[in-house]
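Read the structure below first, then the notes.
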Amino acid sequence: MLNRARITGTGSCLPDKILTNKDLEKIIDTNDEWIVSRTGIRERRIAADGEFTSDLATKAARNALDMAGVQPSEIDLIILGTISADYPWPSTACIVQQNLGAKNAAAYDLSAACSGFVYALSMATAQIESGQIKKALVIGAETLSRIIDWEDRNTCVLFGDAAGAVVLEAQPGDQGILSTHLHSDGSYFNLLYQPGFGTRHMPTPEAMQDRNYFLKMQGNEVFKVAVRMLTEVAQEAVAHNGMTMTDVDLFIPHQANIRILEATAKRLGLPEDKVYINVDRFGNTSAATIPVALDEANRAGRIKPNDILLFDAFGGGFTWGSALVRW
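Going by numbering that gives the first Met the number 0, the sequence shown opens with residue 0, and the numbers climb by one from there.
This is how it looks when you write it as structure tokens:
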């Protein structure tokens, strides 16, 4: 019988520091009403000085391992979705591997922006289903506060720091990842990207002065594409498995902003009680949003055995993807 990749543990890590909209009013020209009405975000978490993506990822991974009852030495593979790695290289996944003592695991980072967790989940699932590995850690972790422009009120209000993780294990039966679906379109890359500092835009004094290090986004244009792609790839996952949206018990979308979440759920015909939303408390944490939301829902008892979960993500690249899971 074919082994499925089953989620046996979830974990998350949120920094202690809370940055509210009222706090932002003291930093930039904005106000709570403006932010909430456009994004649904009321507060976000910010990593402390000396707290990095690898730290958040390690804590989330440990929580997931504890729930699964799996030792780090049992893990065969670690994939970390992130766009805010500790270093350009080596991979932050390798640092997490060392922190955990997961000495038998291969480890690498995956860059797909806000779709990073779904992309990483797909990669790990494929290796489990092919019989190459038995146990994997899939992590989404970001310290976006380090790469956003705190003088740009259109972007800095959106993002926060967090990490979420799952343990995947090869198990027989019908429970586990039913399918994943990945897409990309590089023609949109300059609507949401970070210009520096790669090898195209080097860290020159001029680039620093022009604030070309930080994340750049054309929000209205991103919105138009995001809702359409999120809707289509969610429908693709459900149809691929011979189901309809009425079969979905919990929809866990990427927490970009409330308008995108509500518009996507409406197009899919999903009622509010089937849509998990925490963007109001954590903001957009890119690759971390889905695993953090999953861990919250799991620990709150929102998910029952055999429930059908639908993950749905969209991010810079553009990248987008979905996963259908039988819990």
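Just so you know, even glycine gets a beta-carbon here, dropped at the ideal spot from N, CA and C. Just so we're clear, the structure is a prediction, and the values are computed from it rather than from any experiment.
Strand pairing of residue i, partner residues [DSSP]
i: K16; result: I45
i: W319; result: H182 and F313
i: V156; result: Note: V156 sits in no beta bridge, so no partner.
i: R5; result: E168
i: L23; result: Bridge partners of L23: none, in fact.
i: S11; result: G163
i: D283; result: Checking the displayed sequence, the identity of residue 283 turns out to be Asn instead of Asp. Paired residue(s): F158.
i: L308; result: L249 and V324
Simplified DSSP state of residue i, which is helix, strand or coil
i: G300; result: coil
i: G218; result: helix
i: T245; result: helix
i: F213; result: coil
i: I251; result: strand
i: I127; result: helix
i: G115; result: helix
i: Q174; result: coil
i: Y187; result: helix
i: I276; result: coil
i: A236; result: helix
i: I146; result: coil
i: R325; result: strand
i: A292; result: helix
i: A161; result: strand
Residue range of the beta strand (DSSP E) that includes residue i
i: E141; result: K134 to T142
i: A106; result: A105 to L109
Terminal residues of the alpha helix (DSSP H) in which residue i lies
i: L267; result: I257 to L267
i: M207; result: P204 to Q208
i: T29; result: Neither: T29 is in no alpha helix (DSSP H) and is coded neither H nor E.
CB contact below 8 Å: residue i versus chain C
i: R61; result: Looking for chain C here will not work: only one protein chain is present.
Taking only runs of the beta strand (DSSP E) that begin and end inside the segment 40-99, which ones reach a length of at least 3 residues, in chain order? The segment 40-99 contains these whole beta strand (DSSP E) runs: 42-45 and 76-80.
Do the segment 44-55 and the segment 151-160 meet, that is, are 3 or more Cβ pairs less than 8 Å apart? By the criterion of at least three beta-carbon pairs nearer than 8 Å, the segment 44-55 is in contact with the segment 151-160.
Mind the definition here: the segment 284-295 touches the segment 260-270 only if three or more C-beta pairs lie below 8 Å; say whether that holds. With a cut-off of 8 Å, the segment 260-270 and the segment 284-295 do not count as touching, because too few Cβ pairs lie within range.
Between the segment 67-87 and the segment 138-153, do three or more beta carbon pairs fall short of 8 Å? These segments touch.
Contact between the segment 178-186 and the segment 62-78 is defined here as three or more beta-carbon pairs at a separation below 8 Å; is this criterion met? The segment 178-186, when compared against the segment 62-78, does not touch it at the 8 Å Cβ threshold.
With a cut-off of 8 Å, do at least 3 Cβ pairs link the segment 19-35 to the segment 270-277? Contact check between the segment 19-35 and the segment 270-277: fewer than three CB pairs, one atom from each, fall below 8 Å, which does not count as touching.
Specify whether the segment 206-223 and the segment 232-242 touch according to this definition: at least 3 beta carbon pairs, one from each stretch, less than 8 Å apart. Under the 8 Å Cβ criterion, the segment 206-223 does not count as touching the segment 232-242, having fewer than three qualifying pairs.
For the pair the segment 52-67 and the segment 87-96, tell me if three or more CB-CB distances fall below 8 Å. Contact between the segment 52-67 and the segment 87-96 is established, with three or more Cβ pairs separated by less than 8 Å.
Taking 8 Å as the cut-off, does the segment 109-116 touch the segment 169-180 (at least 3 CB pairs, one atom from each stretch)? No: the two stretches stay apart, fewer than three of their Cβ pairs being nearer than 8 Å.
Meets three-Cβ-pair contact criterion under 8 Å: the segment 113-132 and the segment 317-325: Touching, per the Cβ criterion.
For the pair the segment 302-316 and the segment 225-235, tell me if three or more CB-CB distances fall below 8 Å. Yes, since at least three Cβ pairs between the segment 302-316 and the segment 225-235 fall closer than 8 Å, the two stretches touch.
Below 8 Å, can you find three or more Cβ-Cβ pairs linking the segment 128-138 to the segment 244-256? In short, these stretches do not touch, since the Cβ pair count stays below three.
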